[in-house]
Amino acid sequence: MTSNNLATVYDEHYAKNADVDALWTDLCSYMRLENTLKVVNSKNYNSVLDVGAGDGAVAKRLAETENFGSICGVEISGSAVQEINKLKLPKFREFKEFNGYEIPFDETEFELAVCYHVLEHVEDPRRLLREIARVSAFQVFEVPLDYRPDVDNNISNYLAYGHISVFTPSTFRFLLLSEGFTILNDHYSDISWPATKFMIETSTKPGNKNLRKLKARLAGIKRQIKRLALPGYLKRESTYSQYTCLTKFTGKPEIKYDQVSLW
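Basically my numbering = 1-based index in the sequence shown + 1136.
Here is the structure:
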C-alpha cells in the first residue's frame, strides 16, 4: 500500500469511526503515557515530536505532564491533523501532515521523539527510523507484540488492524540496533483491562460478548501463570502485549559481508 493510499485509509477510518475511535485512543493514551514515564525515568524533555500523532490523544497526555515541554507532531491523515490543530492547547506548537516518511522538521530539532504503535503499519520502517533519528536526540518507541507461532495462518486478522509487520521484543530490538539506536531502558506491558473490555463491548463481531470477556480474563490469568513458570527471557518474549523502549541514536553500525570469518 502506498503512502497516498494509506492516508486515504486513515482519513476514511477517522471519519467513519470518529466517536468510537476517540474513546479508544483516549483509553490507550493513559497506557502510552504510563509506559513512557517508566522508561524516561522522570527526565524532562523541553521539546517533543509525536510521530504518527493520530487524533492527538497521546500528545494531550504528554502536554498535561510536567516532564514534557512544547509538543509538535506529524500524521499521515490530513483530517486528523486538522482536528488536532483545533485543540489550541498551550504546549501544542505545530502539527503537520506528512507522507509517512519525510518528517518536515530540522535536524535534531527535538530533544525527544515518540512513536507509538506506528512502525507495524509502515512498509519501510527503516526509512522512517532514519528520519526519526535525524530530527531527535532521544526516542521512545512502542510496538505491539503480535508474533505467534501461527501468525501466518491469521494474516487477515493482522491486516484488518493495518499491521504489516509483527514483532517480538528481540526482533524489534534487532531492528533498532541494526539502525544505530542504543537502547537505554525498556518496559513490557499488557493492554489494560478497561481497553480490552472496551474493544469487546464496541466490537461488531457476532457472538456472546460476556463469553468473550470471560475468555479475555482467563487469557490474562494464563499469561500470569506462564510468567511464573517461564525463565526471564522466554517470559519477556512470549507473554506480554506491548514493548516500550527509550533509545538514543549513536551511529549506524558497519554492515559487512564476511561469513567465512564466522564459519
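In this text, a Cβ means the ideal position worked out from N, Cα and C, and glycines have one as well. If you're wondering where the values come from, they're calculated on a predicted model, not measured in any experiment.
According to DSSP, is residue i helix, strand or coil?
| i | result |
| --- | --- |
| P1330 | helix |
| Y1166 | helix |
| L1225 | coil |
| Y1369 | helix |
| S1206 | strand |
| D1288 | helix |
| I1239 | coil |
| V1156 | helix |
| T1383 | strand |
| S1325 | strand |
| I1319 | strand |
| M1137 | Caution applies to M1137, whose pLDDT of 44 falls short of 50 and renders its modelled position unreliable; the value that the coordinates give is listed next. Residue state, collapsed to three classes: coil. |
| V1187 | strand |
| Y1294 | helix |
| N1182 | strand |
From the DSSP output, which residues share a beta bridge with residue i?
| i | result |
| --- | --- |
| Y1393 | Y1393 pairs with nothing; no bridge assigned. |
| F1246 | S1272 |
| P1280 | Q1378 |
| F1231 | G1209 |
Find out if the Cβ-Cβ distance for the pair residue i, residue j is shorter than 9 Å.
| i | j | result |
| --- | --- | --- |
| L1173 | F1274 | no |
| Y1283 | T1307 | yes |
| S1301 | E1373 | no |
| Y1237 | D1322 | no |
| A1269 | L1185 | no |
| V1187 | V1254 | yes |
| T1338 | A1352 | no |
| G1368 | W1329 | no |
| L1347 | E1315 | no |
| K1196 | S1165 | yes |
| S1239 | V1271 | The sequence as given places Ile at residue 1239; Ser does not occur at that position. Contact flag set, yes. |
| K1358 | K1371 | no |
| Y1297 | E1247 | no |
| L1311 | R1262 | yes |
| R1229 | C1208 | yes |
| N1221 | F1231 | yes |
| L1203 | S1178 | Residue identity differs from the one stated: residue 1203 is Asn in this sequence, not Leu. It is a contact, given that the beta carbons lie within the stated cut-off. |
| L1169 | F1334 | no |
| A1199 | L1225 | yes |
| V1191 | D1155 | For the sequence presented, residue 1191 should be read as Asp rather than Val. The answer is no: Cβ separation not under 9 Å. |
| L1295 | P1389 | no |
Pop quiz: residue i and residue j are said to be a contact at Cβ under 8 Å. What is the actual Cβ separation, rounded to whole angstroms?
| i | j | result |
| --- | --- | --- |
| I1327 | S1377 | 5 Å |
| F1385 | F1317 | 5 Å |
| K1227 | S1206 | 6 Å |
| A1189 | E1211 | 5 Å |
| L1281 | T1304 | 6 Å |
With hydrogens ignored, establish whether the beta-carbon of residue i is closer than 8 Å to any heavy atom of the ligand COA.
| i | result |
| --- | --- |
| L1354 | The ligand content of the structure shown is nil, which means the ligand COA is not present either. |
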